[in-house]
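Below is one structure, written out as structure tokens, with a few remarks after it.
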Amino acid sequence: MTEREIRARPRNRVIVNKTVAPYLFLAPFMLLFIAFLIVPLIYAFDISLYKKAMVGGVKFVGTDNYVKAFADPKFWEGVGVLFKFAFLQIPVMIGTALVFALILDSGVVWAKAFFRVSFFIPYAVPAVIATLIWSYLYGPAYGPIGQTARFLGFEAPDFVSAKWILGSIANIAQWEYMGYNMIIYFAALQAIPTDLEEASVVDGASAFAFATRIKLPMIVPTIIVTVVFSIIGSLQLFTEPFLIQNMARSIINSNYTPNYYAYTLTFVGQQPNYAAAISFLLGGVIAVVSYAFMLLANRRIDR
Amino acid sequence: MSIVGKTSTSPKFRRNRWLLTGVLSLYFLYTFMPLFYVITAATKSNQDLFSTFGLWFAPDFNLWDNLHTLFTIQDGIFLKWMGNTAYYSSISAAGAALFSTFAGYAFAKYSFLGKKLMFALVLGAVMIPQTALVIPMFLMLSKLGLTNTAFAVILPSLVFPPGVFLMRAYIDDAISNELIEAGRMDGAGEVHIFSSIAFRLLMPGFTTVLILAFVANWNNYFLPLVMLNKPDMFPITVGLAQLYSTAISGTGGVLLFTVVMTGALVSIVPVIAAFLIMQRFWQGGLGAGGVKA
């Protein structure tokens, strides 16, 4: 844009100075942020301090709901399930994503672009639909996994039994989100300047050593961020168990995960006040775990 | 790449190439299998779905019948669901991308009072459990009589914090401070600088956020599940999930199993197509966000 063009349209010129401008640009986002994030949170915190009274209305109970939630085995069972889930799912997913990203980045394989795009495709499939598809695949009679196993002369395990259910849910998450993480790592690896590569080839570093000793350490900050996001996502697990519950009624109960518990408390149990306390407690757990992980990871790096 | 150029002739390299391509091909089969299953399941009759091998087609090609059932059950409600999904996610995505861009621009290019605090708030928002937000929002909106409206689904979706991080990182790189200063020297106002100089330069970032927000809304389940209880307001995700519950509990009367898979197929084809067409944008954009984060 030249000076002449800018000057040519004086009528459109709303002069906003540098002090006001940032607030103007932030206003739409921040207003909605306040209306649909801050206000609901304050409202939730407020109702979490009340309890339905015996005769109509509510009464103030202070921190009673939190005390009750803190001692509620149903909540902690759910947290336990999520921890198991996170320990099972995140390392496998992050591990495969890293290995595939390093393989694709090293350029040793054929059809790189094809693999990169096709591994990412499941991310475009809504979690609801991915869960529906996998629950068909898990079906004992009509699921192709069971059919194949039977054809080969053995019985596939019951994927929605108490023993396998968590693994089955973890598999859905692996299918959906591995490619997303892989793309992020791949982009981070590609962003490493190439003169480094030339230097190490001169040094005679093999492709494998180069990938693991030189490139991998350089994307550790990116890995930490993705792990934190995975932790946050795992601890909020809801959709997959909520839908699989349809075929595993005896195994997935209504407090299988804390989010599920809060949902049931509100819409089935009519206890929104207690549900709010449960949600806040879960938020606290998420914050503590994420923060602890970052602290631990950063300390490792510093050393 | 230099490594490939220098070593591609060695036998060890060739062996590795076969081996690693094999590993990736195995994972490809795993990725592809569920998608292939949807395709075969959508072409079968309910009977064949249970009696024939899941990963291949049945002799009886039933796709047209299934599509016919899908689009005619409950007076053609599936089409309504598709329309709702398109409506909710396009408006939410457009608004979310625009507001994220404005906010990202403010965070990237200005220093102002409260900047650190506001950015920390936006960052911290990611950790809030869905139930902690959506349930109180539902209680509040139901007092205002706004549940069961498009507003209840669209308005909360306009807040898209990942878009703000991404745009901040993108704008940091894409627009130099000198350029903005030059605009100021020419006497242009801040809004004018943004709309006629900066916006063009940040288009690629904007497009990425638009795509990400669109996918996030297209995939959204919890918010509409809570906010809406009229079936003709549902997006596809809520509708299909309900259809599935009906199918599995056997209360629907009609056997709905293949219809659910046909619905799944119909609803993922456009998103996958869009992803394939626009891969340049999401690949670059996800990278920018991930590397800078």
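Taken in order, these protein sequences are the chains called A and B. Heads up: the first sequence runs through residues 422 to 724, numbered per this note's numbering. Heads up: the second sequence runs through residues 1425 to 1717, numbered per this note's numbering. Cβ coordinates follow ideal geometry from the N, Cα and C atoms, glycine included.
Compute the distance between the beta-carbons of residue i and residue j, then report whether it is under 7 Å.
i, j, result
"Met1542 (chain B)", "Tyr464 (chain A)", "no"
"Ala1465 (chain B)", "Met1685 (chain B)", "yes"
"Ala609 (chain A)", "Thr643 (chain A)", "yes"
"Ala522 (chain A)", "Phe607 (chain A)", "yes"
"Gly1587 (chain B)", "Ser1524 (chain B)", "yes"
"Leu1680 (chain B)", "Leu1667 (chain B)", "yes"
"Thr685 (chain A)", "Ser671 (chain A)", "no"
"Arg537 (chain A)", "Leu525 (chain A)", "yes"
"Gln568 (chain A)", "Gly1478 (chain B)", "yes"
"Val381 (chain A)", "Gly1519 (chain B)", "Because chain A here runs from 422 to 724, residue 381 (chain A) falls outside it and cannot be looked at."
"Ser1516 (chain B)", "Ile1578 (chain B)", "yes"
"Ser1669 (chain B)", "Asn719 (chain A)", "no"
"Phe580 (chain A)", "Ala1527 (chain B)", "no"
"Leu1626 (chain B)", "Ile1595 (chain B)", "yes"
"Ala1549 (chain B)", "Leu458 (chain A)", "yes"
"Pro1553 (chain B)", "Asn486 (chain A)", "no"
"Ile1559 (chain B)", "Thr687 (chain A)", "yes"
"Glu661 (chain A)", "Ile590 (chain A)", "yes"
"Ile542 (chain A)", "Ile1672 (chain B)", "no"
Quick one, which of the options has its alpha-carbon nearest residue i's?
i, options, result
"Val546 (chain A)", "B:Ala1640, B:Ser1673, B:Met1506", "B:Ala1640"
"Arg1439 (chain B)", "A:Thr484, A:Trp531, A:Asn674, A:Phe540", "A:Trp531"
"Ala1688 (chain B)", "A:Phe663, A:Ser556, A:Leu686", "A:Ser556"
"Ala1637 (chain B)", "B:Arg1441, B:Phe1584, B:Leu1448, B:Trp1480", "B:Phe1584"
"Trp1480 (chain B)", "B:Thr1525, B:Met1457, B:Thr1496, B:Leu1494", "B:Met1457"
"Ala577 (chain A)", "A:Ser589, A:Pro561, A:Ala591", "A:Pro561"
"Gln657 (chain A)", "A:Leu519, A:Leu503, A:Met639", "A:Leu503"
"Phe1705 (chain B)", "B:Ile1692, B:Phe1630, B:Val1690, B:Val1662", "B:Phe1630"
"Phe1502 (chain B)", "B:Gln1703, B:Phe1699, B:Ala1698, B:Val1683", "B:Val1683"
"Lys480 (chain A)", "A:Ala713, A:Lys505, A:Tyr695", "A:Tyr695"
"Val513 (chain A)", "A:Asn602, A:Lys472, A:Trp585, A:Phe454", "A:Asn602"
"Gly478 (chain A)", "A:Ile468, A:Tyr487, A:Thr484, A:Lys439", "A:Ile468"
"Gln1498 (chain B)", "B:Gln1703, B:Lys1654, B:Val1693", "B:Lys1654"
"Asn1572 (chain B)", "B:Phe1699, B:Leu1626, B:Thr1455, B:Leu1649", "B:Leu1649"
"Ile613 (chain A)", "A:Ala632, A:Phe650, A:Gly516, A:Pro494", "A:Ala632"
"Leu1444 (chain B)", "A:Met715, A:Val529, A:Val441, A:Ala474", "A:Val529"
"Ala1556 (chain B)", "A:Gln510, A:Ala698, A:Ile635", "A:Ala698"
"Tyr471 (chain A)", "A:Ser655, A:Asn592, A:Trp585, A:Val488", "A:Val488"
"Gly704 (chain A)", "A:Gly654, A:Val689, A:Leu664", "A:Gly654"
"Leu1800 (chain B)", "B:Phe1589, B:Leu1590, B:Ala1593, B:Phe1618", "Examination of residue 1800 (chain B) is not possible in this model, given that chain B is present from 1425 through 1717 alone."
"Tyr598 (chain A)", "A:Thr517, A:Ile645, A:Leu637", "A:Thr517"
"Leu1721 (chain B)", "B:Tyr1529, B:Ser1449, B:Ala1510, B:Lys1539", "As displayed, chain B neither begins before 1425 nor continues past 1717, which places residue 1721 (chain B) out of reach and without an answer."
"Gln691 (chain A)", "A:Lys473, A:Asp485, A:Pro494, A:Ile652", "A:Lys473"
"Pro443 (chain A)", "B:Leu1537, B:Asn1601, B:Ala1544, B:Thr1455", "B:Leu1537"
"Val1633 (chain B)", "B:Arg1608, B:Gly1607, B:Ser1514", "B:Ser1514"
"Gly564 (chain A)", "B:Leu1448, B:Val1695, B:Asp1472, B:Val1693", "B:Asp1472"
"His1492 (chain B)", "B:Ser1469, B:Met1609, B:Ala1544", "B:Ser1469"
How many whole angstroms separate the CB atoms of residue i and residue j, which I take to be in contact at a CB cut-off of 8 Å?
i, j, result
"Tyr1512 (chain B)", "Ala1574 (chain B)", "7 Å"
"Leu1487 (chain B)", "Thr1467 (chain B)", "4 Å"
"Pro461 (chain A)", "Met1561 (chain B)", "4 Å"
"Phe540 (chain A)", "Tyr1451 (chain B)", "7 Å"
"Phe659 (chain A)", "Phe1646 (chain B)", "6 Å"
"Trp596 (chain A)", "Ala551 (chain A)", "7 Å"
"Phe496 (chain A)", "Tyr682 (chain A)", "6 Å"
"Arg1592 (chain B)", "Ala1532 (chain B)", "5 Å"
Considering only heavy atoms of the ligand ATP, does any lie closer than 6 Å to the CB of residue i?
i, result
"Lys636 (chain A)", "The ligand ATP is not part of the structure shown, which contains no ligands of any sort."
Please tell me whether residue i has its Cβ less than 7 Å away from any Cβ of chain E.
i, result
"Ile542 (chain A)", "Reference to chain E is not applicable here, since the protein chains of this structure are A and B."
* Residues of the segment 549-560 of chain A with a CB closer than 7 Å to any CB of chain B: list them in chain order, please. => Val549, Ile550, Leu553, Ile554, Trp555, Tyr557, Leu558
* To do: Quick one: which unbroken alpha helix (DSSP H) runs of 4-plus residues sit fully inside the segment 541-584 of chain A? Chain order, please.
  => Counting only unbroken stretches of 4 or more residues, the alpha helix (DSSP H) elements lying wholly within the segment 541-584 of chain A are 548-559, 565-572, in sequence order.
* Which residues, taken in chain order from the segment 667-698 of chain A, show a beta carbon closer than 7 Å to some beta carbon of chain B? -> When CB distances to chain B are screened at a threshold of 7 Å, the residues of the segment 667-698 of chain A falling below it are Asn667, Met668, Asn680, Ala683, Tyr684, Thr687, Pro693, Ala696, Ala697, in chain order.
* Short-range partners of chain A found in the segment 1624-1645 of chain B, where Cβ spacing is below 7 Å -> Val1639, Trp1642, Asn1643, Tyr1645
* Short-range partners of chain B found in the segment 502-516 of chain A, where Cβ spacing is below 9 Å -> none
* Asked: Which of the residues in the segment 1519-1536 of chain B, read from start to end, lie with their CB under 7 Å from any CB of chain A?
  -> So the close ones are Phe1523, Ser1524, Phe1526, Ala1527, Tyr1529, Ala1530, Tyr1534, Phe1536.
* Every unbroken alpha helix (DSSP H) within the segment 602-686 of chain A, with a cutoff of 4 residues, ordered by chain -> 616-623, 641-656, 660-665
* Where the segment 1544-1571 of chain B meets chain A: residues whose CB sits under 9 Å from a CB there -> Leu1545, Val1546, Gly1548, Ala1549, Val1550, Met1551, Ile1552, Pro1553, Gln1554, Thr1555, Ala1556, Leu1557, Val1558, Ile1559, Pro1560, Met1561, Phe1562, Leu1563, Met1564
* **Chain-ordered residues of the segment 1456-1475 of chain B with a beta carbon less than 9 Å from chain A** => Phe1456, Met1457, Pro1458, Leu1459, Tyr1461, Val1462, Thr1464, Ala1465, Leu1473, Phe1474, Ser1475
* Could you name the residues of the segment 1661-1686 of chain B whose beta carbon sits closer than 7 Å to any beta carbon of chain A, in the order they occur along the chain? => Hits within the stretch, in order: Thr1661, Leu1664, Ala1665, Tyr1668, Ser1669, Ile1672, Val1684, Met1685.
* Residues in the segment 1573-1585 of chain B having any Cβ partner in chain A nearer than 7 Å -> Leu1579, Pro1580, Leu1582, Val1583
* Pull out every residue of the segment 467-487 of chain A whose Cβ sits closer than 8 Å to any Cβ of chain B, in chain order. => Ile468
* Residues from the segment 1585-1598 of chain B in contact with chain A, defined by Cβ distance under 7 Å -> Val1588
* Determine which residues of the segment 1476-1492 of chain B have a Cβ less than 8 Å from any Cβ of chain A, and write them out in chain order. => Phe1477, Gly1478, Leu1479
* To do: Could you run through the segment 700-711 of chain A and flag, in chain order, every residue whose CB is less than 8 Å away from some CB of chain B?
  => Ser700, Phe701, Leu703, Gly704, Ile707, Ala708, Ser711
* Asked: Quick one: complete beta strand (DSSP E) runs, 3+ long, within the segment 1627-1671 of chain B?
  -> none
* Inside the segment 454-488 of chain A only - alpha helix (DSSP H) runs reaching at least 4 residues -> Secondary structure remark: continuous alpha helix (DSSP H) runs of at least 4 residues inside the segment 454-488 of chain A, in chain order: 460-468.
* **Contiguous beta strand (DSSP E) assignments of at least 3 residues, all confined to the segment 508-546 of chain A** => none
* Asked: Taking any Cβ of chain A, which residues in the segment 1493-1517 of chain B have a Cβ under 7 Å from it, in chain order?
  -> none
* **Members of the segment 562-588 of chain A that neighbour chain B once the beta carbon cut-off is set at 7 Å** => Result list: Ala562, Tyr563, Gly564, Pro565, Gln568.
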